[in-house]
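Mapping of the sequence shown onto this note's numbering: residues 7 to 135, in sequence order.
From the three backbone atoms N, C-alpha and C, an ideal C-beta is built for every residue, glycine too.
Notes to accompany the following structure.
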Amino acid sequence: MRLPIHINEHSAEPLYHQIESQLRTLIMSGQLEENTLLPSNRELAQNLQCSLITIRRVYQDLEAEGLLRTKQGTGTFVAKVDVEAGAKQRLEAVEAAISAAVDAGASAGLGRAELESMLREELERRRMT
């Protein structure tokens, strides 16, 4: 199974965090259903061209959150997820991303009007208005 996870090598966000947040989103959104067998640590590391240690950390963190479960000798599976909690998680993720974008804009010296214009342009580009 090939997961739709995309790494941004130019991002300041740590690699494990990029992978973890995208995998969490896939699970919480229902794109990865309960009992879905995930790629092995080694396979995912190879697919994403990252270290095995990075993938182990991602899987361990998500297992600690209750999103994954591992069966020795069988693999790592998506655990049962509370849909309502998933909706809340998605909103929190979007809020965090918007906050990070505003911080980045402020650090670059952009004002409110410029940030609003950039957001509007991006929404229009994606036809989300």
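CA nearest to the CA of residue i, picked from the options
i: glutamine 37; options: Gly81, His16, Glu15, Ala85; result: Ala85
i: leucine 21; options: Thr42, Ala93, Asp88, Thr60; result: Thr60
i: arginine 126; options: Ile104, Ala114, Arg48, His23; result: Ile104
i: glycine 79; options: Met7, Arg96, Asn47; result: Asn47
i: glutamate 49; options: Met124, Gly81, Gly117; result: Gly81
Spatial distance of residue i from residue j (CA atoms)
i: glutamate 69; j: phenylalanine 83; result: 9 Å
i: serine 150; j: arginine 30; result: Nothing can be reported for residue 150: it is not among the residues displayed for the chain, which extend from 7 to 135.
i: threonine 42; j: isoleucine 13; result: 22 Å
i: valine 64; j: leucine 44; result: 12 Å
i: alanine 134; j: glutamine 66; result: One detail in the question is off: residue 134 reads as methionine in this sequence, not alanine. Rounded to the nearest angstrom, the two C-alpha atoms are 35 Å apart.
i: valine 87; j: glutamate 40; result: 7 Å
Extent of the continuous beta strand (DSSP E) to which residue i belongs
i: valine 84; result: 81-84
i: threonine 76; result: 74-77
Where the alpha helix (DSSP H) through residue i begins and ends
i: isoleucine 13; result: Taken as a continuous stretch (DSSP letters only), isoleucine 13 belongs to no alpha helix (DSSP H), as it is neither H nor E.
i: isoleucine 119; result: Strictly speaking, residue 119 in this sequence is alanine, with isoleucine absent from that position. Alanine 119 -> alpha helix (DSSP H) spans 118-131.
i: glutamine 66; result: 58-70
i: leucine 50; result: 47-54
Secondary structure of residue i, DSSP reduced to three states
i: leucine 29; result: helix
i: leucine 44; result: coil
i: serine 113; result: helix
Practice problem: Say whether the segment 88-101 touches the segment 50-64, bearing in mind that this needs 3 or more beta-carbon pairs closer than 8 Å, one atom from each stretch. | Solution: no
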